[in-house]
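Trainee: These protein sequence lines map, in sequence, to chains A, B, C and D.
Note that UniProt numbering gives residue 152 to position 152 of the first sequence, counting from 1, and the numbers run on in steps of one.
Note that UniProt numbering gives residue 184 to position 184 of the second sequence, counting from 1, and the numbers run on in steps of one.
Note that UniProt numbering gives residue 190 to position 190 of the third sequence, counting from 1, and the numbers run on in steps of one.
Note that UniProt numbering gives residue 252 to position 252 of the fourth sequence, counting from 1, and the numbers run on in steps of one.
Beta carbons: idealized from backbone N, C-alpha and C, even for Gly.
4 protein chains.
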Amino acid sequence: MQSQTQTFERMESNVRTYSRSFPVVFKTAKNARLVDEEGREYIDFLAGAGTLNYGHNNPHLKEAMIDYLSTDGVVHGLDMWTQAKRDYFEALEELIFKPRGLDYKVHLPGPTGTNAVEAAIRLARVAKGRHNIVSFTNGFHGVTMGALATTGNRKFREATGGVPTQAASFLPYDGYMGEHTDTLDYFEKLLNDKSGGLDIPAAVIVETVQGEGGINVAGLDWLKRLESICRAHDILLIVDDIQAGCGRTGKFFSFEHAGITPDIVTNSKSLSGFGLPFAHVLMRPELDKWKPGQYNGTFRGFNLAMVTATAALKKYWSNDSFERDVQRKARIVEERFQGIAKRLSDSGKPATERGRGLMRGIDVVDGELADKITATAFERGLIIETSGQDGEVVKCLCPLTITDEDLLEALDILDASVDAVIQGA
Amino acid sequence: MQSQTQTFERMESNVRTYSRSFPVVFKTAKNARLVDEEGREYIDFLAGAGTLNYGHNNPHLKEAMIDYLSTDGVVHGLDMWTQAKRDYFEALEELIFKPRGLDYKVHLPGPTGTNAVEAAIRLARVAKGRHNIVSFTNGFHGVTMGALATTGNRKFREATGGVPTQAASFLPYDGYMGEHTDTLDYFEKLLNDKSGGLDIPAAVIVETVQGEGGINVAGLDWLKRLESICRAHDILLIVDDIQAGCGRTGKFFSFEHAGITPDIVTNSKSLSGFGLPFAHVLMRPELDKWKPGQYNGTFRGFNLAMVTATAALKKYWSNDSFERDVQRKARIVEERFQGIAKRLSDSGKPATERGRGLMRGIDVVDGELADKITATAFERGLIIETSGQDGEVVKCLCPLTITDEDLLEALDILDASVDAVIQGA
Amino acid sequence: MQSQTQTFERMESNVRTYSRSFPVVFKTAKNARLVDEEGREYIDFLAGAGTLNYGHNNPHLKEAMIDYLSTDGVVHGLDMWTQAKRDYFEALEELIFKPRGLDYKVHLPGPTGTNAVEAAIRLARVAKGRHNIVSFTNGFHGVTMGALATTGNRKFREATGGVPTQAASFLPYDGYMGEHTDTLDYFEKLLNDKSGGLDIPAAVIVETVQGEGGINVAGLDWLKRLESICRAHDILLIVDDIQAGCGRTGKFFSFEHAGITPDIVTNSKSLSGFGLPFAHVLMRPELDKWKPGQYNGTFRGFNLAMVTATAALKKYWSNDSFERDVQRKARIVEERFQGIAKRLSDSGKPATERGRGLMRGIDVVDGELADKITATAFERGLIIETSGQDGEVVKCLCPLTITDEDLLEALDILDASVDAVIQGA
Amino acid sequence: MQSQTQTFERMESNVRTYSRSFPVVFKTAKNARLVDEEGREYIDFLAGAGTLNYGHNNPHLKEAMIDYLSTDGVVHGLDMWTQAKRDYFEALEELIFKPRGLDYKVHLPGPTGTNAVEAAIRLARVAKGRHNIVSFTNGFHGVTMGALATTGNRKFREATGGVPTQAASFLPYDGYMGEHTDTLDYFEKLLNDKSGGLDIPAAVIVETVQGEGGINVAGLDWLKRLESICRAHDILLIVDDIQAGCGRTGKFFSFEHAGITPDIVTNSKSLSGFGLPFAHVLMRPELDKWKPGQYNGTFRGFNLAMVTATAALKKYWSNDSFERDVQRKARIVEERFQGIAKRLSDSGKPATERGRGLMRGIDVVDGELADKITATAFERGLIIETSGQDGEVVKCLCPLTITDEDLLEALDILDASVDAVIQGA
C-alpha cells in the first residue's frame with residue numbers, strides 16, 4: 001500500500017484527518033457501501049459526517065444530474081437566475097415549507113455550512129443592531145472566524161494564531177449541568193441581570209442535536225422554552241440544522257419535533273443530497289434586511305446541487321413514507337445501541353445510548369476505548385467515527401437510505417467489535 | 001416574463017445581485033454562450049467572475065465527470081483518500097509544480113475562495129506567531145469574518161452588524177498614490193518604524209491583478225520588491241490567485257510573470273475548471289504547521305471537482321499552447337479596449353485601458369457611465385460586468401476558450417454599445 | 001440653590017452621576033462628615049465608594065502631606081526613584097507583606113483602579129501566553145476597554161459605540177445559581193471540556209466581595225476552591241482588591257479571610273488613604289515578565305499619594321488594633337442592618353442583610369424602594385448609596401475611622417428613613 | 001548608593017523606566033531644579049514629560065493647595081459637586097474658553113491621559129455610531145486597551161499578550177512620506193474610495209506636535225486641511241493636547257496656532273499645574289451624548305487638582321504675558337538647538353532641530369548617539385530625555401517657568417555634552 005499512499009504523504013497537508021482513521025484509498029461507492037482500490041468493501045456509518053443522507057451515488061439524483069449535464073444546463077452562474085434555481089425554490093416551497101406551515105425567504109451563500117452560519121449570524125446582527133451571539137457548550141458551527149466564535153472546540157479555537165474570536169458568548173447546553181438543573185434558568189437570569197456580563201444577543205444559535213459535540217440531544221421542552229425566552233427578549237432563534245436536518249432525525253427539519261419555528265435556519269451537508277457543496281439560509285421574510293450584494297461568494301447558487309436537491313425533495317419528501325422509514329430504522333439502531341451500551345456497562349465500562357432518529361451514539365466515556373471500537377470495526381469492514389469533546393461517543397450517521405441488510409450487517413460488525421474490545425481489554 | 005421570475009422575487013433574499021443586472025432566467029450554456037429560457041443567446045464576458053476559464057460545460061471536463069459518475073466513483077468522502085484525489089495531486093505536481101520549479105504542499109479547505117483565504121491567513125499566523133495580516137487598498141479576499149478583515153470593500157465591511165474586523169492592516173496597492181510614488185516605500189518605512197503603528201505582520205496577502213478592485217495591475221518590479229521586503233522582514237507572502245490564477249493572465253499562476261515564489265498561494269474559482277466549488281491552499285512544505293484536523297470543513301476534497309480539475313490540467317497545461325493562445329486573444333482584447341478608451345476619451349469621457357492577459361478592463365471613471373455601457377451591451381446580447389470601487393471599470397473575464405468568432409462578435413457588440421452611449425449622452 | 005449649581009448644569013457633561021443623588025455643593029469634610037456650602041452637615045456612608053477608609057482629611061495623613069510639601073519634596077517624578085517611594089515600599093514590605101508571609105513585587109501603573117486592572121490582566125496574558133481572562137457575573141473592574149471586558153455592567157458595556165469587548169469570559173459568581181449549586185462545578189467542567197467553548201484563561205480576576213455588583217460575598221470555601229482550581233490548571237489568580245482592600249472587610253487584604261494567596265493583586269481607592277489617586281499591582285516575583293517600559297503612564301508613582309499611603313500604613317497597620325476595631329463596628333452595622341431587613345420583610349418587602357466587615361448591604365430586591373430609602377436618608381443628613389444590577393442594595397461603605405457616635409447616628413437615620421418609607425408606601 | 005537603591009531593585013517591577021536613565025534617589029524639587037538625596041542638583045528638562053509646565057512645587061499653587069487642605073476642603077468626592085469644582089469650571093470658562101471663542105462642555109474622567117483618550121474616542125463612537133478611529137504614525141495616546149489601539153509604539157503594542165487592538169486605523173502624519181507628499185491626499189483618497197479598506201471613522205485623533213513620537217510638528221496648513229476634511233466627511237476631530245497643551249507650545253491649546261476648533265479635546269499632564277493626576281475631556285455641547293454614569297472612575301474630579309488648576313489658570317492665563325514669555329524662551333532654545341544641530345552636522349552626524357514653543361527637539365538620527373548625549377548631560381547635572389521611535393530625538397520639555405539663568409545653564413550643559421560626545425566619538 002506504500003506505493004498507493006505516498007503521493008498523499010508527500011503532498012497533502014498535515015491537517016488531514018479522516019485518512020488517519022481510514023488509511024486506504026477509496027475508489028467507488030454506492031448507497032451505504034464504499035469500496036477501496038484493493039476491492040475491499042466497507043459499510044459506511046459516517047456518510048460524509050451526515051452529508052450523504054440519501055446514500056452514495058443515489059441513482060435518482062445521479063440521473064437528474066446527468067440529464068441536466070447532457071442538455072448543457074447552466075452549471076455555474078454566480079447568483080443569476082436559472083431554471084434549476086427556480087425549480088429548487090418551488091420544490092422547497094411546495095414540498096417543505098407549505099406542508100409545515102413555514103414562511104421563509106432563501107439566501108444562497110457560499111456552498112458550505114460555515115458560510116451559511118457566517119451569513120446567518122451577520123444577518124441577525126444587522127437585523128437587531130446588536131453584536132452578541134449566544135451559542136452553547138459543545139456546539140459546532142464551523143471554523144471561519146465569524147462562525148468559529150460560536151464553535152466550542154478548542155482544537156480549532158487554539159489554532160487562530162492567537163487571535164481571540166469575538167462577539168459571542170457560550171452558555172450551557174441542555175443537560176450540561178446535570179439532570180436536575182435547567183440550564184435555561186441561567187440564560188434567563190443573565191438576560192434579566194443588568195450586570196451579569198451577558199450582552200443582550202442579537203441571536204441564539206443552537207443545534208437541536210449536537211453532532212460533533214457528542215450526539216447531545218436537547219429536550220423538546222428545553223427547545224420550546226428556548227424559543228419562548230428568545231421571543232420574550234426580542235432575540236432571534238437560529239437553528240443550525242446543517243448536520244441534523246434533511247431527515248437525519250426523522251423529520252426534514254430537526255426542530256419539527258419540538259414544534260418550534262426558528263427565525264433563521266441554516267442547512268448544508270445533505271441539502272444537495274448527492275454530496276455536492278451546497279447551503280442555504282432560511283429567514284423569516286421580515287428579517288431580510290440585506291441590501292443587494294452585502295454578502296456574496298462565487299459559488300452561491302450551484303446549479304448542479306440545486307438539480308440534485310430538487311430531485312431529492314421530490315423523491316423523498318413528497319409524502320411521509322421516507323420519514324416513517326427513517327424512524328423505523330432509528331428504532332432498530334436505538335435498540336441495538338442500547339444493547340451494546342448495556343454489555344459495555346456490564347463489563348465494567350459504563351456506557352449510555354442516546355440520539356434522535358438516525359443520529360445516534362453510544363457514549364463510552366473514554367476516548368481511547370471508543371477509538372479501539374471504531375478501529376476494530378474498520379478492520380471488520382465498518383466505517384464508523386467518534387464525536388464528543390474527547391471522541392468518547394461512537395456515532396451512527398449511516399445513510400438514511402441504507403438497506404436493512406446493510407444496516408443489520410453493520411450493527412453485527414459493531415456488536416462483534418465491541419465484544420472483541422471487551423474481551424481484549 | 002412576470003410569470004417566470006415571480007418565484008425568485010417572492011422567495012429569494014434581497015441580497016441577490018447579478019440577477020438585477022441580467023434579469024432573465026438562464027437555461028443552458030456552452031463555452032462562451034448562455035441561453036435564456038426564451039431561447040435568446042448571450043456571449044458571456046463575465047464567466048462566473050472568472051470561474052469558467054475553460055468555458056461553460058467544457059466537453060472534455062464534462063466527459064471526465066460523467067465517466068466518473070457512471071462508474072460510481074466516490075463523490076463525497078470528507079478528506080478521506082480517493083483515487084480522484086491522488087490523480088489530482090499527481091497532475092498538479094507533474095504538470096504545474098515541476099515545470100515551474102515549485103515545491104508546495106496542498107491543503108484542501110472548504111471549497112470556496114474565502115475559505116482558502118481564512119485557512120491561509122490562519123496558517124500564516126500560526127507559523128509566525130504574529131496576528132497581523134497586511135492587505136491592500138481595493139483588495140478583495142472574501143467575506144467570512146477572517147477574510148473580510150483583508151477585504152477593502154465598504155459594502156461588505158459595513159454589513160457586519162457593527163462588529164469591527166480585526167488583525168489586519170491596509171496599505172496602498174501599486175499605483176494608489178499616483179505614478180510617482182512607490183507605495184512600497186511607505187510599507188518599508190512602517191516596517192522599520194518602531195512607532196509607526198504597523199504591527200509586524202505574519203503575512204502580506206496580495207492579488208497580482210485586482211479583479212473586484214477594478215482590474216488594477218501590480219507592476220512586475222513592484223511585486224518583486226514586495227517579495228524582497230517580505231523576505232527581509234521574515235514576513236510570509238501570500239498570493240491570492242483565486243481570480244487571476246488558472247491561466248487568466250496568460251500563465252497558470254499570475255505571479256509567474258514577476259518571477260516570484262509566494263510562500264502560500266490560494267486558488268479557487270476556475271480550479272475545478274467546470275464551475276464546481278473547489279479550492280486549495282498551497283504552502284511551502286516547511287510552513288505546514290497544521291496539526292491534524294485544526295482546520296476542517298465538510299466539503300474539503302470534493303472528488304467531482306478533483307476529477308474535472310485533473311482533466312483541465314491534462315487538457316490545457318501539458319504544454320504551452322494554451323498559454324500562448326490566451327496571450328494571443330489578450331492582445332486582441334487589449335487593442336480593441338484601447339480603441340474604445342480612445343473613442344470615449346475623444347468624446348470627452350476620459351477612459352483608460354488596463355489589464356494582464358484576459359483580465360482586462362476599461363476604466364471609464366464614472367460608475368453610471370459604465371452601467372449604461374454594460375446595460376446597452378446586455379440588450380445587444382453581451383453579458384459584461386463592471387468592477388472597481390464605484391463600478392467604473394468595464395471588465396472582460398471571458399472564457400479563455402472562447403472562439404475567435406465569439407470574441408470578435410462580443411467586442412463588436414461592446415464597440416457598438418459604447419458608441420450608442422456616447423451618442424445618446 | 002439655582003445660582004449655586006447653574007455652572008455645573010451649563011458646563012458639566014451629562015455623564016455626571018453622584019451629583020444627581022446628592023444635588024448640593026459640598027465645601028468641607030472631616031472624617032465621616034461632609035458639609036455643604038449652606039452649612040448643612042451629612043454623615044458619609046459612601047466615603048468615595050470605599051476610597052476614604054481613613055475618613056475625610058485624616059489629620060495624621062494630612063500632616064504628613066503638608067510636611068512633605070513644606071520641604072518641597074518631589075511631588076511628580078514619573079517613575080523616577082524618590083525617598084517617598086522608597087519609604088512606601090519599605091512600609092509595605094515591613095507592615096503588610098512580612099507579617100502576612102507575602103512576597104510580591106510592586107508595579108505602579110497609572111493611579112486608578114482601571115489602570116491597575118489593565119496592567120494586571122495584560123501581565124497575566126504575557127506571562128501565560130494566553131488571551132482569555134475569566135471574570136464573574138456582577139463583577140466590576142473598571143471601564144477602560146481592557147478592563148471593561150471583565151466588567152459585567154451593561155450600562156458601560158453598551159456605551160462603547162458598538163465595539164465588542166474581547167478576550168474575556170464571564171462565569172457565575174458564588175451563589176449566582178442558587179444556594180444548592182456550587183458555581184465552580186461549572187467552571188471546572190468547562191476547563192476539563194475540550195469543546196465547552198471556554199478558552200483556557202491566563203487568569204481569573206475576582207473580587208472577594210463585589211462592591212458595585214451588590215455586596216455579594218464569596219464564601220471562604222469557594223475562594224479556596226477557586227484558588228485550587230487555578231493552581232491545578234496553571235491559571236493565575238488575580239484578586240481585585242480595589243474596593244474590598246485596605247481594611248474594608250476587617251483585614252488589610254480581603255483575601256486574608258480565606259487564607260488564599262493570589263498571584264496578582266490590584267489595589268487603589270483607599271490605598272493613598274487620603275483620597276489621592278493611587279494604585280499598585282502586586283505580583284509574585286516570578287511573574288514579573290515586564291520588560292522596561294512596556295506599560296507606562298504619566299502619573300505612575302504619585303509621590304504625595306505614597307507619602308500619605310506610608311503614613312496610613314504606619315498609623316493603622318502597625319498592629320491589629322485597627323483591624324479589631326473595624327470588626328467591632330462591623331458587628332454593630334451587621335446587627336442593625338439585620339434589624340432593618342427584618343422590619344422590611346415583616347412589612348411585606350422581603351429584604352436580606354449581607355457583607356463582610358464594613359462592606360455591608362441590605363438587599364431590598366427593588367431598586368425603586370432602595371432609592372426611596374436613600375433619598376429619604378439624604379434629606380435627613382445621611383449620604384448612602386445603592387449598588388447591585390438594579391440598584392437594589394442599600395450599602396454601607398462608611399469610613400472605617402468613623403466615630404461610634406456618628407456611626408450610631410447614621411444608623412438611626414437609616415432606621416428612621418426605612419420606617420418612613422415603609423409607612424409612606 | 002547600593003544601600004539607597006536596593007529596596008527598589010528588590011521590590012519594583014522590571015517595568016520601571018526613567019530610573020534606569022537617572023539612577024539616583026530624588027528628594028526635593030523647586031521650579032526647574034531637582035535635588036537628589038546626596039544633595040546634588042539637576043536642572044530638569046524633562047519635567048514629568050510635560051507635566052510640570054509651571055515647575056516643581058510652584059509656590060502659588062502650593063499655597064492654594066495648603067490653604068484648601070488647612071480648611072478641610074473636600075479632597076475626594078467622586079463626581080459630587082464641590083466649590084472647588086465650580087471654581088475650576090468658572091475659571092476655565094472665563095480665562096480660557098471665552099477669550100478664545102470656545103464653547104465646550106467638560107467631562108472629568110479618571111485623572112489620567114489614557115483615561116481621557118478612552119472617554120473621548122468612546123464618546124465619538126457613541127455620537128457617530130461608527131467604530132473606527134483614525135490616528136497617526138508615531139502618535140501616542142496612552143496604553144489602556146482602548147487608547148492603545150491609537151498608539152503607534154510597538155513596545156506597548158507587542159505587550160498585550162497577543163491580543164490585537166481593534167477599531168482604529170493608522171495614517172501617515174504630516175511629513176511622514178517626505179516633504180513633497182501631502183499625507184492628507186492619502187487620507188482623502190481613502191475616504192472617497194469605497195473599497196480602500198478604510199472604515200469611515202467616527203473621529204480622527206491627532207497631536208499637533210507629537211511628543212513621544214519624536215517632536216514631530218504638524219504644519220498649520222496641514223492641521224487646517226485636516227479639520228476641513230473632517231468637516232466635509234462628518235468626522236469628529238479630536239486634538240489630544242495632553243502633552244502639547246497648557247501653554248507648552250506658547251498658547252494654552254496647541255491647536256490655537258492653526259486657528260482650528262476641535263470637536264473634542266483631551267488634556268491632562270500639566271492641567272493641574274502641580275503634578276497632580278488630573279484630566280478632562282472637552283466636547284462641543286451637541287456631542288454630549290453620554291447618559292448618566294456611562295463612563296465612570298473613582299478619581300474623576302479630584303478636588304485638590306482642581307484647586308491647583310484654578311490657581312494656575314488665574315496666575316498664568318489672565319493675560320498674555322505668560323504666553324509671550326514662553327515664546328521668548330522658545331526662541332532662545334530654538335536658536336541654541338539649531339546651533340547644536342549645526343555643530344553635529346558639521347562633525348558628520350546629521351542633525352536637525354524642530355519644535356513649536358518650548359516643545360523642541362534635536363533629531364540626531366541615531367538613538368545611541370542621543371543616549372550618549374543625554375547620559376553625558378545627566379553626569380553634568382541636566383535631566384533631559386529622548387523621544388522618537390528609536391529614541392533619536394533629544395527633547396526639551398523644561399518648565400515654562402524656568403528662570404533664564406537655569407535655562408541658559410542647562411543649554412550650556414547640553415552644548416558641552418554634545419561637544420564632549422562629538423569629540424569622544
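Mind checking if D/S70 is an interface residue toward chain B, Cβ cutoff 7 Å exclusive?
Mentor: With a threshold of 7 Å between beta carbons, D/S70 makes no contact with chain B.
Trainee: Closest to B/L148 by CA distance: which of A/L78, A/T144, A/E179, A/E335 is it?
Mentor: A/T144
Trainee: Just how far apart, CA to CA, sit A/L78 and A/R16?
Mentor: 30 Å
Trainee: Say whether chain B places a C-beta atom closer than 7 Å to the C-beta of A/L382.
Mentor: no
Trainee: Tell whether a beta-carbon distance below 7 Å holds between B/C396 and B/V326.
Mentor: no
Trainee: Here's a check: name, in chain order, each residue in its chain whose Cβ is nearer than 8 Å to the Cβ of A/N303, leaving out the five neighbours to either side.
Mentor: Within the same chain, and ignoring the five residues on either side of A/N303 in sequence, the residues whose Cβ sits closer than 8 Å to its Cβ are Y68, G73, V74, V75, H76, G77, T82, A84, K85.
Trainee: Does the count of Cβ pairs from the stretch 201-219 of chain C and the stretch 238-257 of chain C closer than 8 Å reach three?
Mentor: yes
Trainee: Whose Cβ in chain D lies nearer than 8 Å to the Cβ of C/A159?
Mentor: R122, V126, W290, K291, Q294, Y295
Trainee: Using a Cβ-Cβ cut-off of 7 Å (strictly less than) and excluding sequence neighbours within five positions of B/T376, which residues of its own chain qualify?
Mentor: S417, A420, V421
Trainee: Where do the N-terminal and C-terminal ends of the beta strand (DSSP E) with B/S169 fall, by residue?
Mentor: 168-171
Trainee: Using a Cβ-Cβ cut-off of less than 8 Å, give me the residues of the stretch 345-364 of chain C that come near chain D, in sequence order.
Mentor: none
Trainee: What residue range is occupied by the uninterrupted beta strand (DSSP E) comprising A/H280?
Mentor: A/H280 -> beta strand (DSSP E) spans 280-283.
Trainee: Can you list, in chain order, the residues of its chain with a C-beta nearer than 6 Å to that of B/I373? Leave out the 5 residues immediately preceding and following it.
Mentor: V394, S417, V418, V421
Trainee: So, with DSSP's three-state summary, where would you put D/Q210?
Mentor: strand
Trainee: In the DSSP assignment, what are the bridge partners of B/D44?
Mentor: Looking at the DSSP output, B/D44 bridges to B/I383.
Trainee: Please return the same chain residues whose Cβ sits closer than 8 Å to the Cβ of B/G250, not counting the five positions on each side in sequence.
Mentor: H257, E323, V326, Q327, A330, R356, G357, L358
Trainee: Give a yes or no on whether the minimum CB-CB distance between D/M1 and chain A is below 7 Å.
Mentor: Confidence in D/M1 is poor, its pLDDT being 44 and thus under 50, which makes the residue's placement unreliable; the coordinate value appears in the next sentence. No, because no Cβ of chain A sits closer than 7 Å to the Cβ of D/M1.
Trainee: Just the C-alpha distance for C/I402 and C/P172, rounded to the nearest angstrom, thanks.
Mentor: 35 Å
Trainee: Does A/G162 come within less than 7 Å of chain D when only Cβ atoms are used?
Mentor: yes
Trainee: Taking the continuous beta strand (DSSP E) assigned at D/G361, which residues delimit it?
Mentor: 359-363
Trainee: Between the stretch 14-41 of chain B and chain A, which residues of the former have CB atoms less than 8 Å from a CB of the latter, in chain order?
Mentor: Correct list: N14, V15, R16, T17, Y18, S19, R20, F22, P23, V24, V25, F26, K27, T28, A29, K30, L34, E37.
Trainee: Apart from the five residues on each side of it in sequence, which residues of its chain come closer than 7 Å, Cβ to Cβ, to B/F170?
Mentor: Here the set comprises S135, F136, T137, G152.
Trainee: Do you know offhand how far C/D415's Cα is from C/D44's?
Mentor: 16 Å
Trainee: When you compare each of B/K291, B/R122, B/G273 to B/A202 by their alpha carbons, which one comes out closest?
Mentor: B/R122
Trainee: C/P399 and C/Y54 look like a contact to me (Cβ under 8 Å); what is the Cβ gap, rounded to whole Å?
Mentor: 7 Å
Trainee: Any idea what DSSP makes of B/H257, helix, strand or coil?
Mentor: B/H257 falls in the helix class under three-state DSSP.
Trainee: Which stretch, first to last residue, makes up the beta strand (DSSP E) that contains D/I238?
Mentor: 236-240 is the span of the beta strand (DSSP E), which, as asked, contains D/I238.
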